[in-house]
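Note sheet for the following structure.
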Ligand SMILES: NC(=O)c1ccc[n+]([C@@H]2O[C@H](COP(=O)([O-])OP(=O)(O)OC[C@H]3O[C@@H](n4cnc5c(N)ncnc54)[C@H](OP(=O)(O)O)[C@@H]3O)[C@@H](O)[C@H]2O)c1
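Residue numbers (my numbering): 64 to 330.
See the structure below:
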């Protein structure tokens, strides 16, 4: 039997209590990593993820961390150092925003959205790198809003575009130390937040809205947290050591299709 590819590694996934972050944490643990997950307020859900990882034979820890305040990040990383003595993998997954048109955006939402996806991303990388040794792996979870205009998604899209830019600079600066830095850009993945965006952002009911997205997607389904977890597992593996500074789309083909195709009936 081949050894688990991430055996002996320690991973931290922000926002690992549910949705995509949960899927990533469970996959990294299945591949052999001990996992720290952070959450904002749903401690019970975070504890359930910890228990699932421990049942699989890996060590796990859930820590509260509100990424709207980047100054809280170093203390969390100190607790990782106390418990595990090192960090090999950082996945900056958590994000939050208010789905509003740009004309109605409030300064506090702009600040909070950027604090989580930009300020805390920088703070997390800064605090993680001293705990890393070669090979280190950093992955930021971006989104298709970084390069496609999406109604009521403008502020988060701008923050994700900034994150993708930072990924390239961090990759440049950290590559010589054996640390790769990449972003994953998911399309529509079934989670609480995609459902909330469909209902509050686009004012469509989830079931018919999702059916329309499926029809527009070449692989004819929505994405899952497991899909994203699988890609992250590859990016943090030894096999991906020559891959850095990239943003990898995982969207079932949704965003590579020209809207012009819709002019042809049945396309
Ligand atoms: N779902 C999609 O279709 C999709 C598409 C493209 C990109 N993405 C990106 O994928 C990532 C995960 O999305 P998701 O759909 O899985 O989200 P989700 O289901 O809403 O989960 C969000 C996670 O982030 C945590 N979180 C929320 N606000 C936080 C804060 N201020 N500080 C720290 N943690 C906070 C939550 O913790 P609690 O449970 O404690 O609240 C939870 O663990 C995000 O970066 C999102 O932008 C998602």
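Glycine residues also receive a C-beta, built at the ideal position from the N, C-alpha and C atoms. Please read these numbers as outputs of a predicted model, since none were measured by experiment.
| Asked | Found |
| --- | --- |
| Beta-carbon contacts of residue 113 that lie in its chain and below 6 Å, excluding the five residues immediately before and after | 123 and 125 |
| Cβ-based burial, residue 255 [other Cβ within 10 Å; buried from 16] | exposed |
| Neighbour-count burial assignment, residue 187, 16 or more Cβ in a 10 Å radius | buried |
| Range of the contiguous alpha helix (DSSP H) that encloses residue 248 | Element bounds for residue 248: not the alpha helix (DSSP H) but the beta strand (DSSP E), 242–249. |
| Cβ-heavy atom distance, residue 249 to ligand 1, below 6 Å | yes |
| Heavy atom of ligand 1 within 6 Å of residue 105 beta-carbon | yes |
| For residue 66, three-class secondary structure by DSSP | coil |
| The region 76–91 / the region 160–177 touching (three or more Cβ pairs under 8 Å) | no |
| Within 7 Å, strictly: CB atoms of residue 76 and residue 150 | no |
| Same chain only: Cβ atoms within 7 Å of residue 294, ignoring 5 sequence neighbours per side | 247, 311 and 313 |
| Opening and closing residue of the alpha helix (DSSP H) in which residue 136 lies | 136–147 |
| First and last residue of the uninterrupted beta strand (DSSP E) at residue 200 | 199–204 |
| Unbroken beta strand (DSSP E) run spanning residue 260, endpoints | Where residue 260 is concerned, there is no enclosing beta strand (DSSP E), given that its DSSP letter is neither H nor E. |
| Spatially closest choice to residue 121 from 143, 95 and 107, by CA coordinates | 95 |
| Between the CA atoms of residue 69 and residue 297 - distance to the nearest angstrom | 10 Å |
| DSSP beta-bridge partners of residue 314 | For residue 314, which the question treats as bridged, DSSP gives no partner whatsoever. |
| C-beta contact flag for residue 315 and residue 238 at 7 Å | no |
| Residue 252 to residue 203 span [Cα, whole Å] | 16 Å |
| Residue 222 versus residue 133: straight-line alpha-carbon distance, rounded | 15 Å |
| Beta-carbon spacing of residue 179, residue 224 below 7 Å | no |
| Alpha carbon of residue 205 to alpha carbon of residue 99, nearest angstrom | 20 Å |
| Own chain residues within Cβ distance below 6 Å of residue 292, not counting five before or after | 86, 87 and 90 |
| Among 137, 288, 279 and 285, nearest to residue 327 - alpha-carbon criterion | 279 |
| Start-end ranges of the beta strand (DSSP E) lying completely within the region 88–176, minimum 3 residues | 97–102, 123–127 and 152–155 |
| Distance cut-off 6 Å: residue 272 Cβ against heavy atoms of ligand 1 | no |
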